[in-house]
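K.L.:
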Amino acid sequence: MASNGAPNPKEVIAAIRERVRARHAAEPEHSTPRPPAATGFTPPTSAYDLRELQANLAACNALHNAVGTLNPRSTGLHNQALQLVKKVMRRSLTWYTRPLHEFHGAVTRTLNETNRALEQLRAELADLRSQVERVERDLLRSVDTGRGAKAKSGLYFNEPVMVDYDNHGRAYWAATSERIVERSWLFRQIAALPAGVRILDVGSSESLVSLELASSGFKVVGVDIRDYPLHHPNLQFLRADICHTNLATSTFDAAIALSTIEHFGLGFYGDSPDDNATELAMQEILRLLKPGAPLFLTAPFGRSAVTPQHRIFDSESLRSLLRAFQLEKLEFGKRLDGKTWDFPVSESDATGQTHDPATFFAGAVALVICRKPADASLPAVPPRHGSAD
Numbered sequence: 000m001a002s003n004g005a006p007n008p009k010e011v012i013a014a015i016r017e018r019v020r021a022r023h024a025a026e027p028e029h030s031t032p033r034p035p036a037a038t039g040f041t042p043p044t045s046a047y048d049l050r051e052l053q054a055n056l057a058a059c060n061a062l063h064n065a066v067g068t069l070n071p072r073s074t075g076l077h078n079q080a081l082q083l084v085k086k087v088m089r090r091s092l093t094w095y096t097r098p099l100h101e102f103h104g105a106v107t108r109t110l111n112e113t114n115r116a117l118e119q120l121r122a123e124l125a126d127l128r129s130q131v132e133r134v135e136r137d138l139l140r141s142v143d144t145g146r147g148a149k150a151k152s153g154l155y156f157n158e159p160v161m162v163d164y165d166n167h168g169r170a171y172w173a174a175t176s177e178r179i180v181e182r183s184w185l186f187r188q189i190a191a192l193p194a195g196v197r198i199l200d201v202g203s204s205e206s207l208v209s210l211e212l213a214s215s216g217f218k219v220v221g222v223d224i225r226d227y228p229l230h231h232p233n234l235q236f237l238r239a240d241i242c243h244t245n246l247a248t249s250t251f252d253a254a255i256a257l258s259t260i261e262h263f264g265l266g267f268y269g270d271s272p273d274d275n276a277t278e279l280a281m282q283e284i285l286r287l288l289k290p291g292a293p294l295f296l297t298a299p300f301g302r303s304a305v306t307p308q309h310r311i312f313d314s315e316s317l318r319s320l321l322r323a324f325q326l327e328k329l330e331f332g333k334r335l336d337g338k339t340w341d342f343p344v345s346e347s348d349a350t351g352q353t354h355d356p357a358t359f360f361a362g363a364v365a366l367v368i369c370r371k372p373a374d375a376s377l378p379a380v381p382p383r384h385g386s387a388d
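For what it's worth, numbering that gives the first Met the number 0 labels the leading residue of the sequence shown as 0, then goes sequentially.
1. Taking 8 Å as the threshold, find out whether the region 280-296 comes into contact with the region 246-259 through three or more Cβ pairs.
2. Where does Q130 fall in DSSP's three states?
3. For L257, name the three-state secondary structure that DSSP assigns.
4. Helix or strand or just coil, what does DSSP make of F186?
5. If I'm right that Y268 touches G153 with Cβ under 8 Å, what's the distance once you round it to whole angstroms?
6. Can you give me the Cβ contacts of G221 inside the same chain, cut-off strictly under 6 Å, excluding the 5 residues immediately before and after it?
7. Would you report the Cα separation of A373 and P290, rounded to the nearest angstrom?
8. Please go through the same chain and pick out, in chain order, the residues whose beta-carbon is closer than 6 Å to the beta-carbon of G337, but skip the five residues on each side of it.
9. Where S206 and C369 are concerned, what is the direct C-alpha to C-alpha distance, given to the nearest angstrom?
10. Does the beta-carbon of Y171 have 16 or more other beta-carbons within 10 angstroms, so that it is buried, or is it exposed?
11. Report back the beta-carbon spacing between A349 and F331 to the nearest angstrom; my notes put them in contact at under 8 Å.
12. Would P60 and T109 qualify as a contact pair, given that the criterion is a beta-carbon distance under 9 Å?
13. Between the beta-carbon of R310 and the beta-carbon of L265, is there less than 9 Å?
14. Could you tell me whether the Cβ atoms of A357 and F300 are closer together than 9 Å?
15. Take V160 and list the residues in its own chain whose beta-carbon comes closer than 7 Å to its own, dropping the five residues that flank it on each side.
16. For L234, which option in F217, G168, C242, R225 has the closest C-alpha, if you only look at C-alpha atoms?
17. Our contact map puts F391 next to R187 with C-beta atoms below 8 Å; I'd like the distance itself, whole angstroms only.
18. Rounded to a whole number of angstroms, what is the C-alpha to C-alpha distance between Y164 and L288?
19. At which residues does the alpha helix (DSSP H) containing R318 begin and terminate?
20. Rounded to whole angstroms, what's the CA-CA distance from T283 to K151? Just pull it up for me.
21. Using three-state DSSP, classify D252 as helix, strand or coil.
22. Looking at the structure shown, is G332 part of a helix, part of a strand, or coil, going by DSSP?
23. Thinking just about the alpha-carbon of each residue, which of F342, Y155, A361 is nearest to the one in R225?
24. Taking all protein chains shown into account, do 16 or more other C-beta atoms lie within 10 angstroms of the C-beta of F312, making it buried, or fewer, making it exposed?
25. Tell me, please, which residues DSSP counts as bridged to Y171.
26. Going by CA-CA distance only, name the one from R133, R182, I189 that's closest to N166.
27. Taking DSSP's pairing of strands, which residues face L199 in a bridge?
28. Can you tell me whether S30 is buried or exposed? The criterion is at least 16 other CB atoms within 10 Å of its CB, across all chains shown.
29. Near L117, what residues of its chain come up, given a Cβ to Cβ distance below 8 Å and the 5 sequence neighbours on each side ignored?
30. Classify T286 as buried or exposed, calling it buried when 16 or more other Cβ atoms lie within 10 Å of its own Cβ.
31. Around the C-beta of T277, are 16 or more other C-beta atoms found within 10 angstroms, so that it is buried, or is it exposed?
32. Can you give the Cα-Cα distance for A355 and Q119, rounded to whole angstroms?
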């Protein structure tokens, strides 16, 4: 002890060195490493949640920064002596503590760099996940649209219930088209026809109607400028422009134009733009029907408009379209909201409906039964006949 009662620094250092030598002598060269002292560290339970790791890293940094810190006491001679001893001890032990301190510093820096790398990796993974989800959503959407893999194989069918996908790839009911009204209406009307009659289906692509009717015993001829991939013994498909077919005159017992006539001449489905296409198509349908045979036609209805996809007929333009036929029944359906249709509604109620400018969906639909008059005269100039593909 020093004369003032404080510990003798040389004696303290000598005692520490002796303890260190004794500890190294007691441990065999290849002894099993002792388990680390409990630190309270718990590995993160989630590969993406770094909060627990960061909390332990903060504690590690605090301990590293505290190495060599002198704890002050109350002022006085005793404290000054104690601080002097600590300083002497710290400097005297530099030969031993410096490698440890440098090692701990290197470990701490490595941990901090690892944490920064993990943070960057997590951000990049989050961005990658967002990109993958967007691509997945776009792929899923393309499958169920007229531009995806189904459409490229001719196997996309325009069904009444439209499905979309959210940001997580989950399917949901997005909208309901007028086909929810049209198809049920059509099959009620067709049921009155005798089995085995010959039916012309105009615009058969993207529709199951031709196959459904053929499967129900009707003799069906589908006509479309696009291909039709479905087959049945009662189904014949002609790839041609309905305005100019090579089919024989007055050979069909009935004709169907389900949400078809409004597209002709606009070029949306690959046909040539032609302001007279609608008129020519109606003349050709008239020519192909037997006298007195019905035409079942549906078309967008409401306030007159022409969109990139289709025309929307009002009362005047619809009746002008049908002027060569004998009108038998005219009914209307109305969109109540994006998923709900009401049928039947009055013509005055349907007339006021407008289309959606974003999707071009019509606000109403006209459903028509008309017949070729028994004494119908054919056009003075016969339609040009094209060959089927």
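Even glycine gets a Cβ: it sits at the ideal position worked out from N, Cα and C.
P.N.:
Considering the structure as presented:
1. Yes, since at least three Cβ pairs between the region 280-296 and the region 246-259 fall closer than 8 Å, the two stretches touch.
2. Your numbering for residue 130 matches position 131 in the sequence shown. DSSP places Q130 in helix when its eight states are reduced to three.
3. The sequence position of residue 257 within the sequence shown is 258, counting from 1. L257: strand per DSSP, three-state reduction.
4. The residue labelled residue 186 in the question sits at position 187 within the sequence shown. F186 sits in a helix when the DSSP states are folded into three classes.
5. In the sequence shown, counting from the first residue as 1, residue 268 sits at position 269. In the sequence shown, counting from the first residue as 1, residue 153 sits at position 154. The beta-carbon separation of Y268 and G153, rounded to 13 Å, does not stay under the 8 Å limit for a contact.
6. Counting from 1 along the sequence shown, the entry for residue 221 is found at position 222. Taken in chain order, the residues that qualify are D200, S203, S209, Y227, F236.
7. The residue you call residue 373 lines up with position 374 of the sequence shown. The residue you call residue 290 lines up with position 291 of the sequence shown. In this model, A373 and P290 are separated by some 5 Å (Cα to Cα).
8. As a first step, residue 337 must be located in the sequence shown, where it is residue number 338. Contacts found: A174.
9. Indexing the sequence shown from 1 puts residue 206 at position 207. Indexing the sequence shown from 1 puts residue 369 at position 370. The alpha-carbon of S206 is positioned some 22 Å away from that of C369.
10. For the purposes of this step, residue 171 is identified with residue 172 of the sequence shown, where counting begins at 1. Here Y171 is exposed. Its C-beta has fewer than 16 other C-beta atoms within 10 Å.
11. Looking up residue 349 in the sequence shown gives position 350. Looking up residue 331 in the sequence shown gives position 332. The beta-carbon separation of A349 and F331, rounded to 4 Å, stays under the 8 Å limit for a contact.
12. For the purposes of this step, residue 60 is taken as residue 61 along the sequence shown, with counting starting at 1. For the purposes of this step, residue 109 is taken as residue 110 along the sequence shown, with counting starting at 1. The question names Pro, yet the displayed sequence has Asn at residue 60. T109 is positioned such that its CB atom lies no closer than 9 Å to that of N60.
13. As a first step, residue 310 must be located in the sequence shown, where it is residue number 311. As a first step, residue 265 must be located in the sequence shown, where it is residue number 266. Judged by their CB atoms, R310 and L265 are nearer to each other than the 9 Å cut-off.
14. In the sequence shown, counting from the first residue as 1, residue 357 sits at position 358. In the sequence shown, counting from the first residue as 1, residue 300 sits at position 301. Against a cut-off of 9 Å, the Cβ pair of F300 and A357 comes out as no contact.
15. Working through the sequence shown from its first residue, we reach residue 160 at position 161. Answer for V160: W172, T175, listed in chain order.
16. Taking the first residue of the sequence shown as position 1, residue 234 is located at position 235. Of the residues F217, G168, C242, R225, the one whose Cα lies closest to the Cα of L234 is F217.
17. Since the first residue of the chain shown is 0 and the last is 388, residue 391 is not available in this structure.
18. Position 165 of the sequence shown, counted from the first residue, corresponds to residue 164. Position 289 of the sequence shown, counted from the first residue, corresponds to residue 288. Rounded to whole angstroms, Y164 and L288 show a C-alpha spacing of 43 Å.
19. Position 319 of the sequence shown holds residue 318. According to the DSSP assignment, R318 belongs to the alpha helix (DSSP H) that extends over 314-320.
20. Counted from its first residue, the sequence shown places residue 283 at position 284. Counted from its first residue, the sequence shown places residue 151 at position 152. The displayed chain sequence assigns Glu, not Thr, to residue 283. The alpha-carbon of E283 is positioned some 29 Å away from that of K151.
21. Start at 1 with the first residue of the sequence shown, and residue 252 comes out as number 253. Coil.
22. Along the sequence shown, one-based indexing puts residue 332 at 333. Three-state result, G332: strand.
23. As a working note, residue 225 is residue 226 in the sequence shown. Minimum Cα distance to R225 is reached at Y155.
24. Looking up residue 312 in the sequence shown gives position 313. Buried: at least 16 other Cβ atoms inside 10 Å.
25. In the sequence shown, residue 171 corresponds to position 172, counting from 1. Answer is D163.
26. Counted from its first residue, the sequence shown places residue 166 at position 167. Among R133, R182, I189, the Cα nearest to that of N166 belongs to R133.
27. Position 200 of the sequence shown, counted from the start, is the residue given in the question as residue 199. Bridge partners of L199: V220, A254.
28. As a first step, residue 30 is located in the sequence shown; it is residue number 31 there, counting from the start. At S30, the pLDDT of 44 sits below 50, so the modelled position is not reliable; the number obtained from the coordinates is stated separately. With fewer than 16 other Cβ atoms within 10 Å, it is exposed.
29. One-based indexing of the sequence shown puts residue 117 at position 118. Around L117: L49, L52.
30. By 1-based counting over the sequence shown, the position of residue 286 is 287. Note on residue identity: the sequence assigns Arg, not Thr, to residue 286. The C-beta of R286 has 16 or more other C-beta atoms within 10 Å across all chains shown, which makes the residue buried.
31. As a working note, residue 277 is residue 278 in the sequence shown. With 16 or more neighbouring CB atoms inside 10 Å of its own CB, T277 falls in the buried class.
32. Walking along the sequence shown from the start, residue 355 turns up at place 356. Walking along the sequence shown from the start, residue 119 turns up at place 120. Note that residue 355 corresponds to Asp in the displayed sequence, not to Ala. Whole-angstrom Cα-Cα distance: 45 Å.
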